[in-house]
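Protein chains in written order, with numbering that gives the first Met the number 0: chain A, 0 to 364; chain B, 0 to 278.
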Amino acid sequence: MLLRRLMLLGACLGALFAAPASAQDRVLNVFNWNDYIDPYMVQRFTRETGIRVRYDVFDSLETLEGRLSAGRSGFDIVVPTNEPTFSRLARAGGFRPLDRNLIPNLRNLDPVLQRQIASSDPDNRFGALYLWGTIGLGVNPDRIRALAPDAPLDSLALLMDPTHARRIARCGITMMDSAIDVIPTVLRYLGRDPNSTAEADLRDVERALMAIRPFIRNFSTGGAIEAMAAGQSCLAFGYSGDMIQAGLRAREANRGVTVRYVAPREGAQLWFDLLAIPADAPNPEAAHAFINFLLQPDVMASITNHVRYPNGVPASRALVDPEVANDPAVFPPDELKASFFTIGPVPQAAERARSRMWARFKAGR
Amino acid sequence: MTAATRRALVLALPVAWMLLFFAAPFAIVLAIAFAESVEGIPPFALALNPANFALLLEDPFYAEAVLRSLRVAAVSATLCLLIGYPMALAIARAPERWREPLLLAVILPFWASFLLRITAWIGLLQDDGWINGALIGLGLLSEPLKLLYTDLAMYVGITYCYLPFMVLPLYATLVKQDPALLEAAEDLGARPWRAFLTVTLPLSLPGVVAGFLLVFIPAVGEFVIPELLGGPGAQLIGRVLWTEFFQNRDWPLAAALAVVLLLAVVLPIALFQNRAAKP
Chain A
0 MLLRRLMLLG ACLGALFAAP ASAQDRVLNV FNWNDYIDPY MVQRFTRETG IRVRYDVFDS
60 LETLEGRLSA GRSGFDIVVP TNEPTFSRLA RAGGFRPLDR NLIPNLRNLD PVLQRQIASS
120 DPDNRFGALY LWGTIGLGVN PDRIRALAPD APLDSLALLM DPTHARRIAR CGITMMDSAI
180 DVIPTVLRYL GRDPNSTAEA DLRDVERALM AIRPFIRNFS TGGAIEAMAA GQSCLAFGYS
240 GDMIQAGLRA REANRGVTVR YVAPREGAQL WFDLLAIPAD APNPEAAHAF INFLLQPDVM
300 ASITNHVRYP NGVPASRALV DPEVANDPAV FPPDELKASF FTIGPVPQAA ERARSRMWAR
360 FKAGR
Chain B
0 MTAATRRALV LALPVAWMLL FFAAPFAIVL AIAFAESVEG IPPFALALNP ANFALLLEDP
60 FYAEAVLRSL RVAAVSATLC LLIGYPMALA IARAPERWRE PLLLAVILPF WASFLLRITA
120 WIGLLQDDGW INGALIGLGL LSEPLKLLYT DLAMYVGITY CYLPFMVLPL YATLVKQDPA
180 LLEAAEDLGA RPWRAFLTVT LPLSLPGVVA GFLLVFIPAV GEFVIPELLG GPGAQLIGRV
240 LWTEFFQNRD WPLAAALAVV LLLAVVLPIA LFQNRAAKP
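Right, dumping it as structure tokens:
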């Protein structure tokens, strides 16, 4: 399903952006997540700078990391998530340090968020914050209340407490298929350090996950949007923006399904998608110009309007549609924000132990 | 041109093909399998490091995944054989003007994208899909049957996709059989079933073996179908390889695993061929 979506989107975007191919020989090669920009902004960049954009999309960090790890990817701009891909590639020497003189708009970025990213990118040397979000629960409040009236809708206990999960299982629970995105939150829920790689902690995470395994209908990261929007699932653990998009789609379909995103009160894991320039980018100058272009408040505002993820430029919020700007799921209130946490790099041996545990969890044995 | 040079020229093409598309990639994979995993681009440093193979032998996780993949491939190939043999026989025995259209019908699905066809199966098998819809509509079921994301769905997908690879070699051997042999069997008093078992089936064995291998070998490494249709418990070797390569970013271990898998599949087949070739 993911592969199909990727190819479809690639074809659509390719057709969309191939049009302005003129005598221009300056080309910028962008590799971004699917559905992750306002396409009009790419056209505007070309109009303002004369730089043609060859826009390609990926739908998983593995795709991006695989291509960059092989070297000579040919991309000028990539948009990895801070952990694990960005920090691994940065340590491997995969990125070119940003030239701050070429990106004066870097000063538009939120200093608080910048400091939080430093756990993955010391001194913000290689990455400029693009969009960010949290990982939490997508809920269908009506269905859940009907089955489990006493379950707290703003807590991870909804999913992790077997007494709640057992009842909610009847309307469908979808779990994102990503060890790195789930384990830190479960550690936090259990009161441990979300960055812990201790064996005992991992065993406890496994025990907690196994207790709810019988109640999980399916594992899917990209498919969670559709499952929630169509009402096939009523509870999902996933990315904030995905769940917000599921809510929008459910409203458009008008079949009596509502989907809300909840950042759990126990603390939600923050993630950051960073604009970075591969070390061997063919056109680093254009890449810097593109980053500088994106970090303008009005550009960022229209991107957030389009994709419903918050960005890293506070001045853009005044320009965002009020409906989006006042949505606490998109722009969380400060007191909730204080409970968010970031994660740092995980050593390879611990990474393997985690993915092994994840395989056992998925298999349910 | 002498006969010897002509023969050498004819042989040169397949040899060059094998060198370019089999030996060279395999040598690269083998070199990475003995490399050391490092942080860098690319994420390995060439060495003579047997630790990857040692880990594969020590940790039962990998052997289990290989065995599970071999089992899935064997079951799928058997299912293809059970469905494909009657199909091939029916086409081979059909009136001559019907054979070509029937063969075309077997190959026709290849004209649509592989991913599209698998996605179509998702639409058929899902909870509110066509199969469940029909069963509920007929009153045979009250709750949808869980079909998608199960081993059953995976077997359906693999069997469906690889069936033509079974039918075509079977048809090729069956259509060449001299009908006079069957007539002779009947003249000697054999009933149709007996004639099939003593004449048709033994004579078609080369086609059975070819079809079985053509399904079995790609099915061992099948990644997409178990991912899209199979249950979350289906940790086949394709998925394990993917995890080592992409998630753990351990290219040397993934390469070592690929080498072991290749040996596990190719060695028995080579031995079998060797024995079959001897008188």
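Heads up, the beta-carbon is just placed ideally off N, CA and C, and yes, glycines get one too.
Everything numeric in this text was worked out from a predicted model, so none of it was measured.
Selection B:I117, B:M86 and B:L144 evaluated against A104 of chain B yields B:M86 as nearest (Cα-Cα). A Cβ-Cβ distance of about 6 Å is found for the pair Y238 of chain A and G132 of chain A, placing them in contact under the 8 Å criterion. With a threshold of 8 Å between beta carbons, F339 of chain A makes no contact with chain B. Under the Cβ distance rule, A226 of chain A does not count among the residues neighbouring chain B, no pair being separated by less than 8 Å. Fully contained in the segment 182–222 of chain B is no beta strand (DSSP E) run of length 3 or more.
A Cβ of chain A is located within less than 8 Å of the beta carbon of E38 of chain B.
Looking from the CA of A50 of chain B, the closest CA among B:A253, B:A269 and B:L88 belongs to B:A253. In this structure, L97 of chain A sits near R124 of chain A, with a CB-CB distance shorter than 8 Å. Here the C-alpha atom of R169 of chain A lies approximately 18 Å from the C-alpha atom of T149 of chain B. G135 of chain A is bridged by DSSP to A:G237. The C-beta distance from D109 of chain A to P296 of chain A rounds to 12 Å, too long to fall under 8 Å, and the pair is not in contact.
Residues of chain B with a Cβ closer than 9 Å to the Cβ of Q347 of chain A are, in chain order, S36, E38, N247, R248 and D249. Three or more Cβ pairs drawn from the segment 106–119 of chain B and the segment 221–236 of chain B lie within less than 8 Å of each other, which places the two stretches in contact. Sequence-distant partners of F360 of chain A (beyond 5 residues in either direction) whose C-beta falls short of 7 Å from its own C-beta, in its chain, are E205, L208, M209 and R212. Burial check for E198 of chain A: the Cβ neighbour count within 10 Å stays below 16, so the residue is exposed. The C-beta separation of A352 of chain A from L201 of chain A comes to about 6 Å, placing the pair in contact by the 8 Å criterion.
For the set A:T196, A:L152 and A:H305, the Cα lying nearest the Cα of D34 of chain A is the one of A:H305.
Contact between the segment 226–243 of chain A and the segment 36–47 of chain A is absent: fewer than three C-beta pairs spanning the two stretches fall below 8 Å.
Using a Cβ-Cβ cut-off of 8 Å, G232 of chain B is close to K361, A362, G363 and R364 of chain A, given in chain order. For Y308 of chain A, there is no enclosing beta strand (DSSP E), as DSSP marks it with neither H nor E. G135 of chain A is not a Cβ neighbour of A337 of chain A, given a cutoff of 8 Å. For R99 of chain A, the closest of A:A358, A:H287, A:A178 and A:R248 by C-alpha to C-alpha distance is A:H287. Against chain B, the beta carbon of Q231 of chain A has neighbours under 9 Å at Q125, D126 and D127, listed in chain order. Its chain contains Y161, F164, M165 and P168 as the residues whose beta carbon lies nearer than 8 Å to that of L213 of chain B, once the 5 sequence neighbours on both sides are disregarded; these appear in chain order. Within a 10 Å sphere around the beta-carbon of A46 of chain B sit fewer than 16 other beta-carbons, which makes this residue exposed.
If one requires a minimum length of 4 residues, the alpha helix (DSSP H) runs lying completely within the segment 127–188 of chain B are 129–136, 150–175 and 178–186, in chain order. In summary, the residues of the segment 86–98 of chain A whose CB is separated from some CB of chain B by less than 9 Å are R87, L88, R90, A91, G92 and G93, in the order they occur in the chain. Spanning the alpha carbons of I82 of chain B and V138 of chain A requires a straight line of approximately 45 Å. Interface annotation, F218 of chain A: in contact with chain B, CB-CB separation under 8 Å. In this structure I236 of chain B touches A64 of chain B by the C-beta definition: roughly 5 Å separates them, less than 8 Å.
Residues of the segment 132–150 of chain B whose Cβ lies closer than 8 Å to any Cβ of chain A, in chain order: Y148. Against chain A, a Cβ distance below 7 Å from P41 of chain B picks out S68, A69 and G70. Among the residues of chain B, those whose CB is under 7 Å from the CB of A358 of chain A are Q234, following chain order. Only those residues of the segment 86–114 of chain B whose C-beta falls short of 8 Å from the nearest C-beta of chain A are listed: L114. Per the C-alpha coordinates, the member of A:L67, A:A300 and A:S118 positioned closest to R316 of chain A is A:A300. The Cβ atoms of L67 of chain A and V77 of chain A lie closer than 8 Å to each other.
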